[in-house]
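Undergrad: In the working numbering, the protein residues as written are 23 to 280. Note that beta-carbon positions come from the ideal geometry of N, C-alpha and C, so glycine has one too. These numbers were taken from a predicted model, which means no experiment stands behind them. Below are the structure tokens for one structure; questions will follow.
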């Protein structure tokens, strides 16, 4: 039966009868993935049922409906999700990262063990900005404690960036950047830069910086005439991007800490 059919009664009402609970509790059981209709999990309280068999998992509990935090891999040139999509006249407007907050974009490599529930994809707050042209780790959370920590520690939390530049780079070419970072007159944030790999066509620089400083990588590369080809955030505090594919997300595991 289609969930919007006018026949029968709302699934939440049936669960209220079976569980002898309030409507809100019934909705939470359903949204928590504890209710099946003819053996299939249904997470929509408004789903209508009549003669179907409705069952509630014997292990059902409302204690496990804890807020979640999602780690996303932002593709380059996408909006980072600070705001919802706004109407635009431009056909080539950048895509918004919030468009991947769907079950279809949940990474198959997610090792958190968290069971995907539709409520996990609601009321997500964006944390810690990333430049539009950059790719890499972005955080969305329902947990006010995580949100508060990220905001309070934004100036001191270490960000690790991989900066791809054109051409071959030697360690000596980075000396002016190192001197600039130590020059108190420039008042640059605390940061370290190192050469990760180099070839005649492309080199990779690893930049570790305290706090979120949009534009810093561009400024440092301009000091030595390096052209940035790509910029990617690999790590935020102690949470790593890992092998998460661009345009996908995973749950932050219970043993992970920023």
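Within this structure, are the beta carbons of residue 95 and residue 266 separated by less than 8 angstroms?
TA: The residue labelled residue 95 in the question sits at position 73 within the chain shown. The residue labelled residue 266 in the question sits at position 244 within the chain shown. Yes, Cβ-Cβ distance for residue 95 and residue 266 is below 8 angstroms.
Undergrad: Which residue's Cα is closest to the Cα of residue 182: 72, 260, 133, 256?
TA: Locating residue 182 in the chain shown gives position 160, counting from the first residue. Ranking the options by Cα distance to residue 182, first place goes to 256.
Undergrad: Tell me the rounded alpha-carbon separation between residue 51 and residue 32.
TA: For the purposes of this step, residue 51 is taken as the residue at position 29 of the chain shown. For the purposes of this step, residue 32 is taken as the residue at position 10 of the chain shown. Those two C-alpha atoms are separated by around 14 angstroms.
Undergrad: Quick check on the DSSP output: the alpha helix (DSSP H) that includes residue 173 runs from which residue to which?
TA: For the purposes of this step, residue 173 is taken as residue 151 along the chain shown, with counting starting at 1. It spans 166-174 - the alpha helix (DSSP H) in which residue 173 sits, taken as one unbroken run.
Undergrad: In whole angstroms, what is the alpha-carbon distance linking residue 48 and residue 148?
TA: By 1-based counting over the chain shown, the position of residue 48 is 26. By 1-based counting over the chain shown, the position of residue 148 is 126. Roughly 29 angstroms separates the two Cα atoms.
Undergrad: Do you know offhand how far residue 151's Cα is from residue 263's?
TA: The residue given as residue 151 occupies position 129 in the chain shown. The residue given as residue 263 occupies position 241 in the chain shown. C-alpha separation (whole angstroms): 15 angstroms.
Undergrad: Could you tell me whether the stretch 97-104 touches the stretch 64-81, using the rule of 3 or more Cβ pairs below 8 angstroms?
TA: With the cut-off at 8 angstroms, the stretch 97-104 and the stretch 64-81 do not touch.
Undergrad: Since residue 250 and residue 229 should fall inside the 8 angstroms C-beta cutoff, what is the C-beta to C-beta distance between them, to a whole number of angstroms?
TA: The count along the chain shown starts at 1 and reaches residue 250 at position 228. The count along the chain shown starts at 1 and reaches residue 229 at position 207. 11 angstroms between Cβ atoms; not a contact.
Undergrad: In the DSSP assignment, find the beta strand (DSSP E) that holds residue 38 and state where it starts and stops.
TA: Taking the chain shown and counting its residues from 1, the one referred to as residue 38 is at position 16. It is not in any beta strand (DSSP E) - residue 38 instead sits in the alpha helix (DSSP H) that spans 33-41.
Undergrad: For the putative contact between residue 92 and residue 271, defined by C-beta atoms under 8 angstroms, what is the C-beta separation to the nearest angstrom?
TA: Residue 92 sits at position 70 when you count from the first residue of the chain shown. Residue 271 sits at position 249 when you count from the first residue of the chain shown. Contact holds; Cβ gap of about 5 angstroms.
Undergrad: Can you have a look at residue 173 and say buried or exposed, based on whether 16 or more other CB atoms are within 10 angstroms of its CB?
TA: Along the chain shown, one-based indexing puts residue 173 at 151. Classification for residue 173: exposed.
Undergrad: Reducing DSSP to helix, strand and coil, say where residue 244 ends up.
TA: Within the chain shown, numbered from 1, the residue matching residue 244 stands at position 222. If DSSP states are grouped into helix, strand and coil, residue 244 belongs with the helices.
Undergrad: Going by Cα to Cα distance, which pick from 176, 201, 57 is closest to residue 280?
TA: Translated into the one-based positions of the chain shown, residue 280 becomes position 258. The shortest C-alpha separation from residue 280 is found at 176.
Undergrad: Could you tell me which residues DSSP puts in a beta bridge with residue 64?
TA: Along the chain shown, one-based indexing puts residue 64 at 42. Partner(s): none; residue 64 has no beta bridge.
Undergrad: In whole angstroms, give me the CA-to-CA distance for residue 199 and residue 162.
TA: In the chain shown, counting from the first residue as 1, residue 199 sits at position 177. In the chain shown, counting from the first residue as 1, residue 162 sits at position 140. Going from the Cα of residue 199 to the Cα of residue 162 covers about 33 angstroms.
Undergrad: Taking the alpha-carbon of residue 232 as reference, which of 223, 65, 180, 45 has the nearest alpha-carbon?
TA: The residue you call residue 232 lines up with position 210 of the chain shown. Checked all of 223, 65, 180, 45; the closest Cα to residue 232 is 180.
Undergrad: If you compare alpha carbons, which of 203, 90, 186 is closest to residue 156?
TA: As a working mapping, residue 156 is identified with position 134 in the chain shown. For the residues 203, 90, 186, the minimum Cα distance to residue 156 belongs to 186.
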